[in-house]
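Under the working numbering, think of the first position of the sequence shown as 2, with each following residue one higher. What follows is a set of notes on a single structure, which appears directly below.
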Amino acid sequence: MVVFIVMKPLTHHVPRGPLQPVRPGRGLLALALGAVLVTSACGQATPSPGVATPAGGDGGSATASSTGDAGAGAQTVTSGGVRLEATMAPGGPEAGATGAGIAASPGLVVDYTLTNTGTKPVLAFDVVPADLGSATLPADVDLKHAWVYEQSGVLRLSKQGFAPGPNVRFAAAPVMGGHTVAPGASITGKAYAVSPPTLDVPGESFQAPRTPVDPGVKQWQLCIQVTDRAAQARPSAVGGGVVEAASTAPQGEELVCTPPSTIPVG
């Protein structure tokens, strides 16, 4: 029996991508989809080497600092040849906005700047689709979207990839969007979480946190996956300098996270 899994995030988002993963069923031997994809019933997808947690870890060794009052000042971390600076503030819905997202719902808004302090271009995966699984990035992707989950008692707004779930194989690799950052250059952006915060991660086809977020969580941090795979990126239909590349779980120091800080009160 062939089972097509429609990937849905654990939020109100409506799936966009037409691509679906293939899971083995009882008696399944092969599926012809452009090419023959064979998935063994005993095969398991293992986390990427160096991943400290199912969500991708904390980015390895880093130098972190805070400035200003807790929750209000800039949180800064330098790791793996990049510097990430972020601030969080309450954000209200914009007048006349409808639907979902940062414009329509009260929440927590993070402004960030990521600087390449190294000598080679890097790829920052900071354009996260609402539904991870498509082989192309939707042209209307929300640039402020971030995965939201709780890690060790800290609310994490994260722009990153995840490893496929056990026995999941894709006909084509899912992609995420981002920006290529030249040595010495910087990019700026926003990340958003509804308030009170709720879990927002990819569906069961990926290894992602599944524990509900404590609505009373007191601390936050921002994480961005940064890799040296800039040469593998291709232009995206989103435009504005956004590129896309195959999504993978963070390895080693690829997940750069600011230090935890107190969530500001509106």
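Glycine residues also receive a C-beta, built at the ideal position from the N, C-alpha and C atoms.
Exercise for the section: Just the C-alpha distance for ALA250 and ILE225, rounded to the nearest angstrom, thanks. Expected result: One C-alpha to the other measures close to 12 Å.
Handout entry: the stretch 163-176 contacting the stretch 206-214, beta-carbon criterion three pairs below 8 Å
Key = Three or more beta-carbon pairs separated by less than 8 Å link the stretch 163-176 to the stretch 206-214, which places the two stretches in contact.
Problem - Residues near THR88 by beta carbon distance below 6 Å, same chain, minus five either side - result: These residues qualify, in order along the chain: ALA75, ASP112.
Practice task
Quick one: grab the DSSP three-state call for ALA125.
Solution key: In the displayed model, ALA125 falls within a strand according to three-state DSSP.
Handout entry: Buried or exposed (CB count within 10 angstroms, at least 16 for buried), SER153
Key = Exposed: under 16 other Cβ atoms inside 10 Å.
Problem - Coarse secondary structure for GLN233, derived from DSSP in three states - result: If DSSP states are grouped into helix, strand and coil, GLN233 belongs with the helices.
Problem - Coarse secondary structure for THR245, derived from DSSP in three states - result: Checking the sequence shown, residue 245 turns out to be Glu, not Thr. The DSSP-derived three-state label of GLU245 is strand.
Exercise for the section: Identify the continuous beta strand (DSSP E) that holds THR189 and give its terminal residues. Expected result: For THR189, the enclosing beta strand (DSSP E) begins and ends at 187-195.
Exercise for the section: Grab me the residues of LEU138's own chain with a C-beta within less than 8 Å of its C-beta, minus the 5 sequence neighbours each way, in chain order. Expected result: Counting only Cβ-Cβ distances below 8 Å, and skipping sequence neighbours, we find VAL128, PRO130, VAL176, MET177, GLY178, SER237, ALA238, VAL239, VAL243, GLU245.
Exercise for the section: Excluding the 5 residues preceding and the 5 following VAL182 in the sequence, name in chain order all residues of the same chain whose CB lies nearer than 6 Å to its CB. Expected result: Excluding residues up to 5 positions away in sequence, ASN117, VAL123, ALA125, ILE188 lie with their Cβ nearer than 6 Å to the Cβ of VAL182 in the same chain.
Practice task
Can you grab the Cα-Cα spacing for the pair VAL83 / THR212, in whole Å?
Solution key: Approximately 30 Å between the Cα atoms of the pair.
Problem - HIS180 (DSSP reduced to helix, strand or coil) - result: Note: HIS180 maps to strand in three-state DSSP.
Practice task
Could you tell me the distance, in whole angstroms, from the CA atom of LEU156 to the CA atom of PRO184?
Solution key: Near 30 Å, if we compare the C-alpha coordinates of PRO184 and LEU156.
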